[in-house]
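Heads up, the thing below is written out as structure tokens.
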Amino acid sequence: MFRATSESYTSLNWNLLTASSSKTLIPLIISSTTTVRPPNMVTTRSKKAEDAQQQEPEKDASQQQPGLRLYRGNCHCGSFIYEAELPEIKSAMECNCSICHKKGYLWVFPTEGSKFDIVKGDKNALSQYTFGAKKLAHKFCPTCATPVMGEFIGGNGRAFNIRTIQGIDVFELEKQPYDGAALGDKYASPEHNGPLPPAIDGSKLYTGSCHCGAVTVAFMSEPLDETNDNETAECNCSICVRNAYRWIYLKKERVVLHATEPANIGRYSFSRHVLNKTFCKICGVCMTNEYNHLSDEERKAIGAVPADGFGERIKAGHPVNLRVLPDVDLKKMKPPVLKDGANKISPPYKNP
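Position 293, counted from 1, in the sequence shown is what this note's numbering calls 289; the numbers after and before it change by one each time, with no gaps.
In structure tokens form, the structure reads like this:
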């Protein structure tokens, strides 16, 4: 794993995989015989050199390397569980490119030949999203939308999303920024072509989208800048950590979630089954938190735990994930409240 120091790294090399449309550049670490420094600056190299470095040697996962720790990770619903040997996780790479920002990735990179085992599930059963040059596959759970890893297509190189790793407090990790958004041509944000919410005096229309544009959202809100005093929040609960939500709480009549093909909207509910976490089934970007219109009998039939009035308290709202908005600089807004859902929401989540 990289560190924000001058220490060098063996068996690791940064390769900037540019999309064929040049909309964005994707950072990916690939095996190499050279020693390089952490990615705190952007370098350029010829395409010939890049292509040469994309050829990877075979990895022997049976040989454990010294200085590595065994970590376990999983998507939220538990359909996919893995174990990986990694350097002790003390920091994470946080890229601001179009896909990394929307998904809230916190990256960690394995060393060459380190162990990677699938405990439950099938890697090929994960949904896979590629774009541009299609050299990096973004793997996410088709049920709960948790973004698990990125894999180099045609080789063994991969990076893990630290948010999926058990026992890591992502809010305490040092974040090493990587300015992927500054590389290549600017990402063209998809437009919202669906219905619009009713205009409200003193409010502004905001639109956002998943990465591929299949699912969009429009809502009315007071200006989302440093003048906004309304609460926004992150939460340390099991689902919010894994899916990297940054919530703004809106009334449902102010929000329109849209897809030209409605089947492209995924909905995930669990435990009380009172809320649906909506996401794009194609690219896996998480969108909103809508009320799940099930009767008590329907919830009981799927094994929901008692809602204890929770549904009635939140049914008038439709929170939106601020990460999907292209024209809002989250750094300029007032810091989000950190909610302690991990300890206040019952029953507590059990890591598989």
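The beta-carbon is built from N, C-alpha and C at its ideal position, and this holds for glycine as well.
Asked: Going by DSSP, what residues sit across from Thr212 in a beta bridge?; Found: Ser205, His254
Asked: What is the DSSP secondary structure of Phe167, reduced to helix, strand or coil?; Found: coil
Asked: Say whether the segment 209 to 221 touches the segment 246 to 260, bearing in mind that this needs 3 or more beta-carbon pairs closer than 8 Å, one atom from each stretch.; Found: yes
Asked: Between which two residues does the alpha helix (DSSP H) harbouring His408 extend?; Found: Given that the chain is displayed from residue -3 to residue 348, the structure contains no residue 408 and the question cannot be resolved.
Asked: If you follow the beta strand (DSSP E) that Glu79 is part of, which residue opens it and which one closes it?; Found: 77 to 83
Asked: May I ask which residues mark the beginning and end of the alpha helix (DSSP H) holding Lys248?; Found: Taken as a continuous stretch (DSSP letters only), Lys248 belongs to no alpha helix (DSSP H), as it is neither H nor E.
Asked: Any chance the segment 282 to 298 sits against the segment 149 to 161, with 3 or more Cβ pairs inside 8 Å?; Found: no
Asked: Buried or exposed: Glu90, going by 16 or more other Cβ atoms within 10 Å of its Cβ?; Found: buried
Asked: Can you grab the Cα-Cα spacing for the pair Asp225 / Trp243, in whole Å?; Found: 14 Å
Asked: If I measure Cβ to Cβ from Cys231 and keep anything under 6 Å in the same chain, skipping five residues before and after, which residues do I get?; Found: Lys335, Gly337
Asked: List the residues that DSSP assigns as beta-bridge partners of Val104.; Found: Phe156
Asked: On the DSSP bridge assignment, give the partners of His134 in chain order.; Found: Tyr125, Gly146
Asked: Alpha carbon to alpha carbon, what distance is there between Val320 and Val281?; Found: 8 Å
Asked: Among all the DSSP beta bridges, which residues are the ones paired with Lys273?; Found: Tyr264, Asn285
Asked: By Cβ distance below 8 Å, which residues in the same chain neighbour Lys247 in space, the five residues on each side in sequence not counted?; Found: Ala312, Gly313, His314
Asked: Closest by CA to Phe112, which one among Leu132, Lys98, Glu79?; Found: Glu79
Asked: Is the beta carbon of Ile95 sitting closer than 7 Å to the one on Cys233?; Found: no
Asked: Once the 5 residues before and after His97 are set aside, which same chain residues still bring their CB inside 7 Å of it?; Found: Arg319
Asked: Cα-Cα, which of Ser110, Thr223, Gly100 is closest to Pro331?; Found: Thr223
Asked: Which stretch, first to last residue, makes up the alpha helix (DSSP H) that contains Ser234?; Found: 234 to 239
Asked: Which class does Glu54 belong to by DSSP, given the choice of helix, strand or coil?; Found: Any reading at Glu54 needs caution, since the residue's pLDDT is 40, under 50, leaving its predicted position unreliable; the model's value is listed next. The answer is coil: DSSP assigns Glu54 none of H, G, I, E or B.
Asked: Does the segment 66 to 84 touch the segment 138 to 149, meaning 3 or more C-beta pairs lie closer than 8 Å?; Found: yes
Asked: Could you check what DSSP says for Val38 in three-state terms: helix, strand or coil?; Found: Any reading at Val38 must be qualified, since the residue scores a pLDDT of 29, below 50, and its modelled position is unreliable; the value itself is stated next. Looking at Val38 - three-state DSSP - the assignment turns out to be coil, as it is neither helix nor strand.
Asked: If you compare alpha carbons, which of Ala178, Ala155, Ser205 is closest to Ser185?; Found: Ser205
Asked: What span of residues does the beta strand (DSSP E) with Asp113 cover, start to end?; Found: 112 to 116
Asked: On a CA-only basis, which of Ile310, Asn347, Pro322 is nearest Glu187? Give me that one, please.; Found: Pro322
Asked: Contact defined as beta carbons within less than 8 Å: I believe Ala210 pairs with Ile278. What is the distance between those atoms, to the nearest angstrom?; Found: 5 Å
Asked: Exposed or buried, what is Asn285 when buried is set at 16 or more other beta-carbons lying within 10 Å of its beta-carbon?; Found: buried
Asked: Tyr5: buried (16+ other C-beta within 10 angstroms of its C-beta) or exposed?; Found: Low per-residue confidence applies at Tyr5: pLDDT is 28, beneath 50, and the placement is therefore not dependable, though the value from the model is reported in the following sentence. Buried, because 16 or more other Cβ atoms sit within 10 Å of the Cβ of Tyr5.
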